[in-house]
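**Student:** In our numbering, the protein residues as written are 64 to 498.
The C-beta atom is built at its ideal place from N, Cα and C for all residues, glycine as well.
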């Protein structure tokens, strides 16, 4: 009778049987055959990743999948070289298949540029992705290439490195258009707080001294200020001094036995503002014989103090009648050789929530410097128009509270508009104290 023996039992029987044979028995050698299946290696890694002429943040390793590099702003393109561990692997950069071991060119924008490098095993189709981040620095050039003016001439001649200029205007010039051009297209240029367009920025020129502030902000945020110091001549300064009109000398009236009174000349020269011109010295009375016309001596002309742009009107000469006097010369106050246009686009008052002004506010002064402490972050501006029909616009929005810039100067413009031809701009320069 046969009995089925388990594998475990069979092993025990074999061991006992072998032991029963005793020593000296020759047991033939048995060789076991390995029937396992060999698994092929997956080839979806890189053997090399390089940027020509640029160093990676760390040495390349096939097991590290994140890399970065930084280039200067002047570098607008790079060459990336990749190589797979297997010649049959498929490599692509940002979705475009590339040739292993060959460098391809890629353009760069300012800021971060991300390149996704994918390696796919051609047999298993399994993929592996490496990330390369290249940071191109932003442009730091905040200089101007030129400043064009619709009228007037810069002094000194423009140079990108010179930031202070002077321009003088005759009284008749009331506005100027300023067109500054930055050296780099990525920079932003502002004139008195208004961003420059291709047509420039038109600025009103008050009588006397004022400033135009040009701010150039580079792509990386750095700023450079150019200042144009304007001076518009006062129409009443040293102009318009007219000579006094000399009164004609009168002759004694015929047939009167009294002395003939002479015509008196008014003052020649310009009259002082608000002061009546002095009359000429009376002529000597000549005794006129009956029936004869004795001529009276002409009055002497006395000069009055020199005024500004005012005309002294002389007296009229009358014939020598008793008790008749010449009209005294009078100064006509406020008459000038040029009539200045009256503006309604002024501020009656202008205050700020904090800071020390460089001078008291007046409606005819248009530029002020205000010192604030270093920790001042915001300032509230309170302008009041002289005319209720005027509109007021504060730079950087409709709110009267503005955010100061991080650096030491913040330029804010307050524009007053009465109509399309009557506008004025006040400029506030907030100077923040050093830390």
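(1) How many Å lie between residue 195 and residue 421 at the Cα?
(2) Hey, residue 255 and residue 476 are a contact pair by Cβ (cut 8 Å); roughly how many whole angstroms apart?
(3) I need the DSSP call for residue 106, collapsed to helix, strand or coil.
(4) I need the DSSP call for residue 448, collapsed to helix, strand or coil.
(5) Are there 16 or more other CB atoms within 10 angstroms of the CB of residue 189, so buried, or fewer, so exposed?
(6) Looking at the structure shown, is residue 482 part of a helix, part of a strand, or coil, going by DSSP?
(7) Assign residue 123 to one of two classes, buried (16 or more other C-beta atoms within 10 Å of its C-beta) or exposed (fewer than that).
(8) Please name the residue or residues paired with residue 457 in a DSSP beta bridge.
(9) Entirely within the region 251 to 310 and at least 3 residues each: give me those beta strand (DSSP E) ranges in chain order.
(10) Quick one: what's got a C-beta closer than 6 Å to residue 498's C-beta in the same chain, skipping five residues either side?
(11) Can you list, in chain order, the stretches of the beta strand (DSSP E) that have 3 or more residues and sit fully within the region 137 to 203?
(12) Excluding the 5 residues flanking residue 445 on each side, which residues of the same chain have their C-beta closer than 6 Å to its C-beta?
(13) Can you tell which of 469, 454 and 491 has its C-alpha closest to the C-alpha of residue 481?
(14) Tell me the DSSP bridge mates of residue 113?
(15) Report the three-state DSSP secondary structure of residue 132 (helix, strand or coil).
(16) Give the straight-line distance between the Cα atoms of residue 183 and residue 106, rounded to the nearest whole angstrom.
(17) Which term fits residue 197, buried or exposed, when burial requires 16 or more other beta carbons within 10 angstroms of its beta carbon?
(18) Taking C-alpha atoms, which residue in 449, 192, 245 and 209 lies nearest to residue 154?
(19) Less than 8 Å separating the beta-carbons of residue 214 and residue 235?
(20) Taking C-beta to C-beta, are residue 139 and residue 130 nearer than 8 Å?
(21) Three Cβ pairs or more, each shorter than 8 Å: is that satisfied between the region 242 to 260 and the region 282 to 290?
(22) Looking at residue 136: is its Cβ nearer than 8 Å to the Cβ of residue 216?
(23) Please report the distance separating the alpha-carbon of residue 458 from that of residue 224.
(24) Within its chain, find whatever has a CB closer than 8 Å to the CB of residue 447; leave out the 5 residues flanking it on each side and keep chain order.
(25) On the DSSP letters alone, give me the boundaries of the beta strand (DSSP E) that residue 412 sits inside.
(26) For residue 228, I'd like the list of residues in its chain whose CB is within less than 8 Å of its CB, leaving aside the five on either flank, ordered along the chain.
(27) Look at the alpha carbon of residue 442 and the alpha carbon of residue 471, and state the distance between them as a whole number of angstroms.
(28) Between the Cα of residue 159 and the Cα atoms of 463, 265, 493 and 179, which residue gives the shortest distance?
(29) Determine the direct distance from the alpha carbon of residue 148 to that of residue 157, and round the result to whole angstroms.
(30) Who are the Cβ neighbours of residue 270 in its own chain at under 6 Å, not counting the five residues just before and after it?
(31) Residues in its own chain within less than 6 Å of residue 181 by CB, not counting five upstream and five downstream?
(32) Give the DSSP bridge partners of residue 217, in chain order.
(33) So, for residue 233: in the same chain, excluding its five sequence neighbours on each side, which residues have a beta-carbon less than 7 Å away from its beta-carbon?
(34) How should residue 496 be labelled, buried or exposed, when 16 other C-beta atoms within 10 angstroms of its C-beta is the threshold for buried?
(35) My output table needs one value for residue 209: the three-state DSSP class, helix, strand or coil.
(36) Cβ atoms of residue 170 and residue 146: under 8 Å apart, would you say?
**Tutor:** Reading it off the structure:
(1) 54 Å
(2) 5 Å
(3) coil
(4) strand
(5) exposed
(6) strand
(7) exposed
(8) 477
(9) 251 to 254, 264 to 267, 271 to 280 and 286 to 295
(10) 437
(11) 140 to 147, 153 to 156, 159 to 161, 166 to 170, 174 to 183 and 190 to 199
(12) 414
(13) 454
(14) 144
(15) strand
(16) 8 Å
(17) buried
(18) 192
(19) no
(20) no
(21) yes
(22) no
(23) 27 Å
(24) 410, 411, 412 and 413
(25) 410 to 415
(26) 210, 217, 218, 219, 221, 289, 290, 291 and 292
(27) 14 Å
(28) 179
(29) 20 Å
(30) 295 and 297
(31) 155, 190 and 192
(32) For residue 217, which the question treats as bridged, DSSP gives no partner whatsoever.
(33) 296
(34) exposed
(35) strand
(36) no
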